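Per our numbering: the sequence shown = residues -1 to 257.
Structure, as structure tokens:
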Amino acid sequence: MTERKAIESWLTDMDGVLVHEGEPVPGAPEFVNRMKTSGKPFLILTNNSIYTPRDLQARLNRMGFDVPEQSIWTAALATAQFLSDQRPGGTAYVIGEAGLTTAMHAAGYILTEFAPDYVVLGETRTYSFEAITKAIRLIDGGARFICTNPDATGPSNEGALPAAGSVAAMISKATGVDPYFVGKPNPMMMRSALNTIDAHSESTAMIGDRMDTDVLCGLEAGLETILVLTGISSRADAERFPFRPSRIVNSVADLIAEI
């Protein structure tokens, strides 16, 4: 592969990289602590739009991670920033939870169900048929359709749950309108993260556990990509894709010495 510049900034996915099934990946708290003490810019990324960065900070803290709130970047934040750049001070009908609604308010958006500029679909624990029906009618009436992330399912203790991508597909089927997805694997997510920490793609690495989101997103944004084997994609899975990560390591514990 083409020789790259030394890594000066780090982006890392959260679930499957730092935590797995509610427990820290061995070596992950030490990895995060090393990033903090190194002084190098870093962000922890997640496509989950349910929680605010403060919520996620508290969750990680309970598992032994000492992470600043400003070092967490969610698909909700990326979506709110994207909409603020596209149509400052706009209006939106939002299906989602505090992570998304808080980000939208902070970006200067008014949340309304009366002729909004956008319908914004995010993750929620309980999708309301009434809210989905309202979204369909607003899109039929001319509202633009945005979705925080394309994930079709999410995990739970009982098994897979339908996620934003599945609900978006239902709305698209009803309206004939496809959403614009902001979260991974859209490289927009990476670009917004890079801008947040004033980092450059040629000297930044993206660490992820999924070939179809983390690695693809990092690759398309021009980052070095590192696949860890503590989450979804295996070494054999990686061989089946038409693109490859820059490298594969067992876990983030293998990267501590590089920071």
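Note that CB positions come from ideal geometry on N, CA and C, so glycine has one too.
Predicted, not measured: the structure shown is a model, and the values here were computed from it.
Open item on the list: Cutting at 7 Å between CB atoms, please list the residues of its own chain near Leu217, excluding the five before and the five after it.
Closed with: By 1-based counting over the sequence shown, the position of residue 217 is 219. Cβ within range, chain order: Thr223, Phe241.
Open item on the list: Which residues does DSSP list as the beta-bridge partners of His18?
Closed with: Looking up residue 18 in the sequence shown gives position 20. For His18, which the question treats as bridged, DSSP gives the partners Glu21.
**Report entry** CB contact flag (Thr110, Tyr91, <8 Å)
**Finding:** Start at 1 with the first residue of the sequence shown, and residue 110 comes out as number 112. Start at 1 with the first residue of the sequence shown, and residue 91 comes out as number 93. Against a cut-off of 8 Å, the Cβ pair of Tyr91 and Thr110 comes out as a contact.
Check: If we ignore side chains and look at the alpha-carbon of each, how far apart do Pro66 and Pro51 end up?
Finding: Taking the first residue of the sequence shown as position 1, residue 66 is located at position 68. Taking the first residue of the sequence shown as position 1, residue 51 is located at position 53. So the alpha carbons of these two residues sit roughly 9 Å apart.
(request) Below 7 Å CB to CB, which residues in the same chain sit around Ile230 once its five sequence neighbours on both sides are set aside? (result) Numbered from 1 along the sequence shown, position 232 holds the residue referred to as residue 230. Correct list, in chain order: Gly14, Asp207, Arg208.
I need the boundaries of the alpha helix (DSSP H) containing Thr194, first residue and last residue. Mapped onto the sequence shown, residue 194 falls at position 196. Start and end: 185 to 194.
- Task: Please classify Arg2: does DSSP put it in a helix, a strand, or coil?
- Result: The sequence position of residue 2 within the sequence shown is 4, counting from 1. Coil.
Helix, strand or coil for Leu227 per DSSP?
-> Taking the sequence shown and counting its residues from 1, the one referred to as residue 227 is at position 229. Note: Leu227 maps to coil in three-state DSSP.
Discussion item. I'd like the span of the beta strand (DSSP E) that includes Phe143, first residue to last.
Written reply: What you label residue 143 is simply residue 145 of the sequence shown in a count that begins at 1. Taken as a continuous stretch (DSSP letters only), the beta strand (DSSP E) holding Phe143 covers 142 to 145.
Assuming Ser320 contacts Ala197 under a Cβ cut-off of 8 Å, what Cβ separation, rounded to an integer in Å, is found between them? For residue 320 there is no data in the structure shown, the boundaries of the chain being -1 and 257.
- prompt: Leu136: which of Ile169, Asn147, Gly106 sits nearest, CA to CA?
  reply: As a working mapping, residue 136 is identified with position 138 in the sequence shown. When only C-alpha atoms are compared, the closest one is Ile169.
- Query: Skipping 5 residues on each side, what residues in its chain have a beta carbon closer than 8 Å to that of Met186?
  - Reply: As a first step, residue 186 must be located in the sequence shown, where it is residue number 188. Result list for Met186: Ala76, Phe80, Val180, in chain order.
- prompt: What's the call for Lys3, buried or exposed, on a 16-neighbour Cβ count within 10 Å?
  reply: As a first step, residue 3 must be located in the sequence shown, where it is residue number 5. Its Cβ having fewer than 16 others within 10 Å, Lys3 is exposed.
* Who are the Cβ neighbours of Leu227 in its own chain at under 6 Å, not counting the five residues just before and after it? -> Position 229 of the sequence shown holds residue 227. Here the set comprises Asn248.
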